[in-house]
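Step one of this worksheet: look at the structure below.
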Amino acid sequence: MHGISVANTGALNRALNRARGQATGHPASRQRGWVLVHTDGEGHGSTHGPTHVQTQAQIPAQTQAKIQAQTQANNDAGARRRVRRQHMVRPGANRQNQTGAAVIEFALILPVLLVLLIGSVDVSLALYDKAVITNASREGARAGIVARNPKLTEAEIRQVVRDQTDLALIHFGPIKPVPNVSVVQSTMGVDANTLDVTVSYTFEGIGLGTLFQALGQPWVLTSNTVMVHE
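With my numbering applied, the sequence shown closes on residue 316, and no number is skipped along the way.
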């Protein structure tokens, strides 16, 4: 009397079936999903019929090790695929994330860029106004030392200086800038017979000059010219 034991299979049983088919040469012994093991009453395998297979105890240890290694490799590969699927993102979502990061970075760096821009413009304007008052002081001193009769008075020298600065100085406020002009005639000592013209101007600019004034330290540009009377 023969009995049939049925075992549900997975990847391990399919590998066992392939090994049994290669060992016995019976293609019919490889079943998909189920393994049919025929035994007689004494536990010996039946030798008749097309479904003769070996029991698991009869499989060599080396073959069992290979089967277990293959099963472990398949499990590892499946785990890696699941991890990759979890970390995969849609291309559109990635672009949106990059755009959001770029906007935040630009918002953080914009104030620094504005400060640098305004500072550069104000420094350039200050250098220009410095050149203007330097040229005005030289023109006033030159007009005061020229040999003429009578020579220009101090008020006339100041007016020469202001004529040079009225249209040349750059300002952004509603009030036209008026520089301070100091004229000193020297008739004694080592500086005898010289004319000293000093021009000072409080620079405002776009932002830095106003900021300095608010802090109580106005940005004052000064130029001095000394010439000898002819």
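Ideal placement from N, C-alpha and C gives every residue a C-beta, glycine not left out.
| Item | Value |
| --- | --- |
| Confirm, please, whether the CB-CB distance from E316 to A233 is below 9 Å. | yes |
| Under the assumption that P260 contacts T251 (Cβ atoms under 8 Å), give the Cβ distance between them as a whole number of angstroms. | The pair is not a contact, with the Cβ atoms about 18 Å apart (cut-off 8 Å). |
| Kindly indicate the opening and closing residues of the alpha helix (DSSP H) around V269. | Element bounds for V269: not the alpha helix (DSSP H) but the beta strand (DSSP E), 266 to 272. |
| Taking the straight line between their C-alpha atoms, what separation do you get for E225 and T284? | 11 Å |
| Compute the Euclidean distance between the alpha carbons of L281 and L194, then round it to the nearest angstrom. | 55 Å |
| Quick one, which of V207, I153, R166 has its alpha-carbon nearest E290's? | V207 |
| Roughly how many angstroms separate the alpha carbons of T110 and R168, rounded to a whole number? | Because T110 sits at a pLDDT of 49, beneath the cut-off of 50, its placement in the model cannot be relied upon, and the point is left open. |
| Inspect the beta-carbon positions of S309 and A222 and report whether they are closer than 9 Å. | yes |
| For N279, which residues from the same chain have a beta carbon less than 8 Å from its beta carbon, with the 5 sequence-adjacent residues on both sides left out? | S272, T273, V314, H315 |
| Going along the chain, which residues of its own chain have a beta-carbon closer than 7 Å to the beta-carbon of F192, five neighbours each way excluded? | none |
| S268: which of L253, D249, I256, I243 sits nearest, CA to CA? | I243 |
| For N161, which of helix, strand or coil comes out of DSSP? | helix |
| Alpha carbon to alpha carbon, what distance is there between L196 and A187? | 14 Å |
| For L203, tell me which candidate among G293, I256, V246 has the shortest Cα-Cα distance. | G293 |
| What residues match up with L281 in a beta bridge as DSSP calls it? | Q271, M313 |
| Does DSSP put L239 in a helix, in a strand, or in coil? | The question names Leu, yet the displayed sequence has Thr at residue 239. Of the three classes helix, strand and coil, the one that applies to T239 here is coil, per DSSP. |
| Are V306 and A254 closer than 9 Å when you measure CB to CB? | no |
| Once the 5 residues before and after F298 are set aside, which same chain residues still bring their CB inside 8 Å of it? | P304, W305 |
| Using the C-alpha atoms, what's the distance from A151 back to E128? | Caution applies to E128, whose pLDDT of 47 falls short of 50 and renders its modelled position unreliable; the model cannot decide the point. |
| Rounded to whole angstroms, what is the Cα-Cα separation between R166 and A147? | 29 Å |
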